[in-house]
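Colleague: Protein chains in written order, with the numbering used here: chain A, 1081 to 1216; chain B, 1081 to 1216. For each residue, glycine too, the CB sits at the ideal point set by N, CA and C. Just so we're clear, the structure is a prediction, and the values are computed from it rather than from any experiment. Once you've had a glance at the structure underneath, I'll fire off some questions.
2 protein chains.
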Amino acid sequence: MKDLKTITILFRAVDRFQSEISSSVNEMGLSLTSFMALEALYHKGPINVAQLQSKVLIANSSLSYVIEQLENKDLIHIESDHHDRRRRVCSLTSKGMQIMNEVYPKHVRDQRKRLDRLNHDEEIELQRLLKKIGLD
Amino acid sequence: MKDLKTITILFRAVDRFQSEISSSVNEMGLSLTSFMALEALYHKGPINVAQLQSKVLIANSSLSYVIEQLENKDLIHIESDHHDRRRRVCSLTSKGMQIMNEVYPKHVRDQRKRLDRLNHDEEIELQRLLKKIGLD
DNA sequence: TGATTTTATTTCGAATTCGAATTAATATAA
DNA sequence: TTATATTAATTCGAATTCGAAATAAAATCA
Chain A
1081 MKDLKTITIL FRAVDRFQSE ISSSVNEMGL SLTSFMALEA LYHKGPINVA QLQSKVLIAN
1141 SSLSYVIEQL ENKDLIHIES DHHDRRRRVC SLTSKGMQIM NEVYPKHVRD QRKRLDRLNH
1201 DEEIELQRLL KKIGLD
Chain B
1081 MKDLKTITIL FRAVDRFQSE ISSSVNEMGL SLTSFMALEA LYHKGPINVA QLQSKVLIAN
1141 SSLSYVIEQL ENKDLIHIES DHHDRRRRVC SLTSKGMQIM NEVYPKHVRD QRKRLDRLNH
1201 DEEIELQRLL KKIGLD
């Protein structure tokens, strides 16, 4: 293969997911990245900013802004780590948890609709191929 | 499959490509989307704003800003379509063409390095799977 | 120990992106 | 024809994102 057609197709596929997720979470007053941050905390529990950044895939300076917004909305709580006071640990507030409990199952259903165009083996194979090209 | 792990892997893979391409084109004073616009014009020849938007995957209002930047840098030229004066047709200037001739082959080589972790059949299969989930 | 380096995060100003409203031209309908 | 609707693109203000510099704490070194 000589061209970058694969990248074009890859970007387009991601754009479909992002557009759908964005317009859905925007209705709740959240940006895509805010939602991704909540999602990470929902799955991982309390984690510090650097760990969150590895999930949310934006610049660290941008993440500072994002978590400030989420804190203002009382969706997350931030406190310094006792053992390393450089670190700040983020966690869902009860309000944040409540909202994710309401919203996340539907999010999964919606996005699974698209993914379920692949059968199980195809999806596993897609994961394998994406992991291969996604490694650093 | 019940979870959205595939989306996580998908987003992460795209982020790797975008980060690499961004840091490379930023050195020439271009944003990722500016570069994607130039790329589209390089491949498709003169096209109007709507056609460009379908390649660049940003909001139309954002694209207006992007093509204005590119015009200011004398990398593209914009003129209205004679047959439909609502439309504005963009094309590479000779300077834009010259830069893409210089830069694009290396861009392809760099990105192919990552893609070439897949053999030919795997890449074809990846395209097929991504197309399936990327359709509207 | 005190000095230096590294790590974690935020601040800052500028660039980019967005959605909603607007403008302007074309297409359709009456 | 003259409304009316649709389409193409831009403008505007606000939100988000970025990279570079700053801050502050911890780790390493001498």
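Here's the rule: buried if 16 or more other CB atoms are within 10 angstroms of the residue's CB, otherwise exposed. What is Arg1194 of chain B?
Modeller: With 16 or more Cβ atoms within 10 Å of its Cβ, Arg1194 of chain B is classed as buried.
Colleague: Is the region 1199-1207 of chain B in contact with the region 1090-1105 of chain B, if contact means three or more CB pairs nearer than 8 Å?
Modeller: No, they do not touch.
Colleague: Helix, strand or coil for Ser1142 of chain A per DSSP?
Modeller: Ser1142 of chain A falls in the helix class under three-state DSSP.
Colleague: Is the distance from the Cβ of Ile1147 of chain A to the Cβ of Ile1138 of chain A below 8 Å?
Modeller: No. Outside cutoff.
Colleague: At a CB-CB cut-off below 7 Å, which residues of chain A make contact with Gly1214 of chain B?
Modeller: By Cβ distance, chain A contributes Ile1089, Arg1092, Ala1093 and Arg1096.
Colleague: Closer than 7 Å by beta-carbon distance: list the chain A residues that pair up with Glu1203 of chain B, in chain order.
Modeller: Those are Met1081 and Thr1086, listed as they occur along chain A.
Colleague: Distance check for Ala1130 of chain B and Asp1161 of chain B, CA to CA, integer angstroms please.
Modeller: So the alpha carbons of these two residues sit roughly 13 Å apart.
Colleague: Let me know if Gln1207 of chain B comes out buried or exposed under the rule of 16 or more other beta-carbons within 10 Å of its beta-carbon.
Modeller: That one is buried.
Colleague: Spell out whether any CB of chain A is found under 8 Å from the CB atom of Val1146 of chain B.
Modeller: For Val1146 of chain B, the answer is no, since every Cβ of chain A falls outside 8 Å of its Cβ.
Colleague: Mind checking the region 1184-1201 of chain A against chain B and listing, in chain order, the residues whose C-beta falls within less than 7 Å of any C-beta there?
Modeller: Listed by position, the residues of the region 1184-1201 of chain A near chain B (Cβ gap below 7 Å) are Val1188, Gln1191, Arg1194, Leu1195, Arg1197, Leu1198 and His1200.
Colleague: Using only CA atoms, which one of A:Met1180, A:Leu1143 and A:Leu1112 lies nearest to Arg1168 of chain A?
Modeller: Selected option, being the one with the closest Cα: A:Leu1143.
Colleague: Mapping DSSP to helix, strand and coil, what is His1123 of chain A?
Modeller: Helix, per DSSP.
Colleague: Please say whether Gly1176 of chain A and Leu1210 of chain A have beta carbons closer to each other than 8 Å?
Modeller: Not a contact, by the Cβ cut-off of 8 Å.
Colleague: Give the DSSP bridge partners of Ile1158 of chain A, in chain order.
Modeller: Paired residue(s): A:Cys1170.
Colleague: Go ahead and pull the three-state DSSP assignment for Asn1217 of chain A.
Modeller: There is no way to answer for residue 1217 of chain A, as the model of chain A reaches only from 1081 to 1216.
Colleague: Buried or exposed, going by whether 16 or more other CB atoms sit within 10 Å of the CB of Ser1114 of chain B?
Modeller: With 16 or more Cβ atoms within 10 Å of its Cβ, Ser1114 of chain B is classed as buried.
Colleague: What residues from chain A crowd round Gln1207 of chain B, counting only those whose CB sits closer than 8 Å?
Modeller: Here the neighbours are Lys1085, Thr1086 and Ile1089.
Colleague: Flag Leu1210 of chain A as yes if its beta-carbon sits less than 8 Å from any beta-carbon of chain B, otherwise no.
Modeller: For Leu1210 of chain A, the answer is yes, since a Cβ of chain B falls inside 8 Å of its Cβ.
Colleague: I believe Leu1172 of chain A touches Leu1112 of chain A by the beta-carbon criterion, under 8 Å. Please report the beta-carbon distance rounded to the nearest angstrom.
Modeller: Between Leu1112 of chain A and Leu1172 of chain A the Cβ distance is about 18 Å, and since that is not below 8 Å, they are no contact.
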